[in-house]
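Trainee: Got a structure for you, written out below as structure tokens; questions coming shortly.
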Amino acid sequence: MQCYRPVHPVKALTFDLDDTLYNNEPVIRHADAALNQKIRNDYPALSAMTNDDWFTIKKALINKNPKLASDMGKLRWQTLFTALGKAQLPDTERAQAASELFDFFYAARSDFQVAPDIIAVMEKLAEKVPLVAITNGNVDTGKIGLAPFFSLTLHASVTRPRKPYPDMFEEAIEHLSLPPQHIMHVGDNLIKDVLGAHKVGMQTAWLACNREMDLGAEKLAVLPGVQLSSLDELLLMVD
């Protein structure tokens, strides 16, 4: 552990999920590959679409409705619905097809279990202080084994702007009914997590499980309060 700022008593913890408590990149790669194969099998008219084609649809949807950038679920559904126009389905069938494809992806996206050592630490932390999840993603915390530890899980959406916007951090502070300086947010992204939490007065801990933690290799706007070497170091913060 390396401290960059004075540490105040920690009476609650908030957590980013993806790439903080588990490596999300291979999970998404697998889910995307499975979804693409299903699309090729079920809707041959879409089989020639490239990654650039999908990106173009997403970009156009966000340009039309910028709030979609905060809601990965709705953005993916809208992208699928738009692309399915190539299959020349009636609107009702196209909406149903988009929902079926989205549900398929969402199941694959949450088809893993968080490592037992992480679960063990989260269980110990939850016995000591309240925990809240704050994520820009849409993982199903119940399926991956984390739901029992959180008193609240906040997902970014069209009505709840994504980090680093303050909305979810402020909602967590209100839920915990604690001064923000006694809440520590733990996350892998130095902009979305560290800067976002710092700007509302929370303490911050930087932890990335999917890459070497080198501040010189990161986009940095403000130093974290602490840099963790492993999740279990948080137990020292709450003892």
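Just so you know, UniProt numbering puts 209 at position 209 of the sequence shown, and the rest follows in order with no gaps. Note that CB positions come from ideal geometry on N, CA and C, so glycine has one too. These numbers were taken from a predicted model, which means no experiment stands behind them.
Specify, as a first and last residue, the run of the alpha helix (DSSP H) that residue 115 falls within.
Mentor: Element bounds for residue 115: n/a, residue is neither H nor E.
Trainee: For residue 160, write down the residues that DSSP places opposite it in a beta bridge.
Mentor: DSSP, once it has assigned bridges, lists 157 as partnering residue 160.
Trainee: Note down the Cα distance separating residue 99 from residue 8, rounded to an integer number of angstroms.
Mentor: When rounded, the distance between both Cα atoms is 46 Å.
Trainee: Give a yes or no on whether the C-beta atoms belonging to residue 31 and residue 109 are separated by under 7 Å.
Mentor: In this structure, residue 109 lies closer than 7 Å to residue 31 by Cβ.
Trainee: Starting from residue 57, trace the alpha helix (DSSP H) both ways and give me its first and last residue.
Mentor: Looking at the DSSP string, the run of the alpha helix (DSSP H) that includes residue 57 is 51 to 64.
Trainee: I'd like the list of long-range same chain contacts for residue 129, defined as Cβ closer than 8 Å, with 5 residues on each side in sequence excluded.
Mentor: Same-chain partners within the cutoff: 10, 11, 12, 13, 238.
Trainee: Between residue 86 and residue 45, is the Cβ-Cβ spacing less than 7 Å?
Mentor: Going by C-beta atoms, residue 86 is nearer than 7 Å to residue 45.
Trainee: Whole angstroms are fine: how far does the CA of residue 118 sit from the CA of residue 184?
Mentor: Each residue's alpha carbon lies about 18 Å from the other.
Trainee: Unbroken alpha helix (DSSP H) runs of length 4 or more, entirely within the stretch 66 to 115: which are they?
Mentor: The stretch 66 to 115 contains these whole alpha helix (DSSP H) runs: 72 to 83, 91 to 109.
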